Amino acid sequence: MGDRGGRPPDQKARHFKVLKELGKAPGGYSHRECRFCRAAYDNDTTTTPPQIIIGRARNYKSHLAKCTYYKAAQIPAPSPCTPIKPGLVTTTADTSPALSSEITPKPPQPPAPTATQLPIGGVTAASIKSRARRVLVLEQKRSPRKSLHTLLPVTKKAKHEKRKFSRSEIKQIERSLIELHADNHLADRFIEQESTQRFMELVCPGLTDILPSRRALGTRVLKEHATRCKTMDTKALRAMEESTNGWVNLLSDVWQNVSKEHFLGCQLSLFGVLLTYALLPAGDSHHGIAIAKQLEEVLERAHDEKRA
1 MGDRGGRPPD
11 QKARHFKVLK
21 ELGKAPGGYS
31 HRECRFCRAA
41 YDNDTTTTPP
51 QIIIGRARNY
61 KSHLAKCTYY
71 KAAQIPAPSP
81 CTPIKPGLVT
91 TTADTSPALS
101 SEITPKPPQP
111 PAPTATQLPI
121 GGVTAASIKS
131 RARRVLVLEQ
141 KRSPRKSLHT
151 LLPVTKKAKH
161 EKRKFSRSEI
171 KQIERSLIEL
181 HADNHLADRF
191 IEQESTQRFM
201 ELVCPGLTDI
211 LPSRRALGTR
221 VLKEHATRCK
231 TMDTKALRAM
241 EESTNGWVNL
251 LSDVWQNVSK
261 EHFLGCQLSL
271 FGVLLTYALL
281 PAGDSHHGIA
291 IAKQLEEVLE
301 RAHDEKRA
């Protein structure tokens with residue numbers, strides 16, 4: 001898909017030139033620029049220099065979809081020669097019977113050479129096609145609205161305008177994506193599949209422009225969402241403790257979880273004071289009545305020792 005090893009190169013990559021002098025981009029990709037934008041800039045068609053993009057398939061597709069110079073180059077040039085059907089041709093130069101003449105039908109001639117084989121005035125059809133594309137680009141520069149309207153196909157339904165998202169909306173969309181990814185046990189590459197992008201673009205035009213890559217989804221977005229969830233859980237637990245004025249906190253029988261986060265440290269950061277009274281064995285009974293009975297024994301023992 002991109003320019004990394006292990007996968008066949010994308011066909012759209014041939015429209016982009018590799019900028020080796022800029023080195024490698026993050027993720028092992030290369031820096032590239034559009035050949036059509038570079039040609040327009042070198043020919044003084046535009047004063048805007050070509051945009052540098054990262055060599056990925058989704059970036060190729062996104063740039064070519066809005067590159068007006070690429071779209072202008074895709075318009076086929078008209079054929080320079082018009083075929084003439086053999087048949088009866090009469091001349092009307094003079095209407096007198098003496099001067100009127102009639103040309104008899106000629107036998108079929110061999111097919112005329114194609115547009116790419118026929119030279120016109122020493123200039124090949126390929127150069128004429130290239131010149132026609134250049135004229136389209138120049139016309140588009142003079143009248144961008146009109147020329148862009150003529151280049152786009154005419155459809156019955158008007159295309160939806162792409163939506164612009166704020167920074168807070170982008171963060172919310174990324175959180176929803178990571179929850180969707182986790183709840184449905186999806187692969188990391190689902191976010192870069194064309195079917196996923198087609199569906200999201202159909203639901204909300206412009207959404208694919210802000211979608212994170214699979215690497216960003218599994219690193220930056222995941223860490224930000226995990227930190228946010230942990231902060232919200234801590235605030236909720238702190239508010240619960242302050243509102244109930246609880247004095248007893250039941251802890252698990254483990255010192256830390258799989259993330260190497262110590263429960264005792266969490267309790268200390270929440271309540272400021274941590275008192276470990278006793279570590280009594282729980283036995284084989286783990287139902288509610290057995291736990292309540294053991295808790296009652298611990299509270300009675302602590303009360304008696306405090307009174308003594």
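In UniProt numbering, the protein residues as written are 1 to 308. C-beta: ideal position from N, C-alpha, C; glycine also. All values reported here derive from a predicted model rather than from experimental measurement.
Measure the alpha-carbon distance for residue i versus residue j and round it to whole angstroms.
i: Ser195; j: Arg38; result: 31 Å
i: Lys162; j: Ser243; result: 47 Å
i: Ser285; j: Arg214; result: 46 Å
i: Ser30; j: Lys164; result: 28 Å
i: Lys24; j: Gly218; result: 21 Å
i: Ile53; j: Tyr70; result: 16 Å
i: Ile291; j: His303; result: 18 Å
i: Ala187; j: Pro205; result: 24 Å
Count the other C-beta atoms from every protein chain shown that fall within 10 angstroms of the C-beta of residue i, then say buried if there are 16 or more, exposed otherwise.
i: Val221; result: buried
i: Ile103; result: At Ile103 the pLDDT is 49, less than 50, meaning the model places this residue with poor confidence; the figure from the coordinates comes in the next sentence. By the neighbour-count rule (16 or more Cβ atoms within 10 Å), Ile103 is not buried but exposed.
i: Glu300; result: exposed
i: Pro26; result: exposed
i: Glu305; result: exposed
i: Phe199; result: exposed
i: Cys229; result: exposed
i: Ala182; result: exposed
i: His63; result: buried
i: Ala13; result: buried
i: Thr231; result: exposed
i: Ala72; result: buried
What are the boundary residues of the beta strand (DSSP E) that residue i is part of?
i: Phe36; result: Where Phe36 is concerned, there is no enclosing beta strand (DSSP E), although the alpha helix (DSSP H) it sits in stretches over Arg35 to Asp42.
i: Lys17; result: Phe16 to Val18
Which residue wins for smallest C-alpha separation from residue i, given the options the options?
i: Asn59; options: Gln197, Thr231 and Lys293; result: Gln197
i: Lys223; options: Glu201, Glu174, Arg238 and Ile210; result: Glu174
i: Lys171; options: Tyr41, Asp304 and Ile210; result: Ile210
i: Gln193; options: Asp44, Arg56 and Thr46; result: Arg56
i: Thr208; options: Ala182, Leu177 and Lys235; result: Leu177
i: His225; options: Asn184, Glu179 and Pro212; result: Glu179
i: Pro49; options: Glu33, Lys61, Ser168 and His63; result: Glu33
In the DSSP assignment, the alpha helix (DSSP H) including residue i goes from what residue to what residue?
i: Phe190; result: From DSSP, Phe190 is part of no alpha helix (DSSP H); its letter is neither H nor E.
i: Tyr69; result: Thr68 to Ala73
Would you identify the three-state DSSP class for residue i, choosing helix, strand or coil?
i: Ser176; result: helix
i: Arg220; result: helix
i: Arg215; result: helix
i: Lys61; result: helix
Return yes when the C-beta of residue i is under 7 Å from any heavy atom of the ligand ZN, and no when it is not.
i: Pro26; result: Looking at this structure, you won't find the ligand ZN or any other ligand, since it has none at all.
Are any of the Cβ atoms in chain C nearer than 8 Å to that of residue i?
i: His185; result: Among the protein chains of the structure shown there is no chain C, as only one such chain exists.
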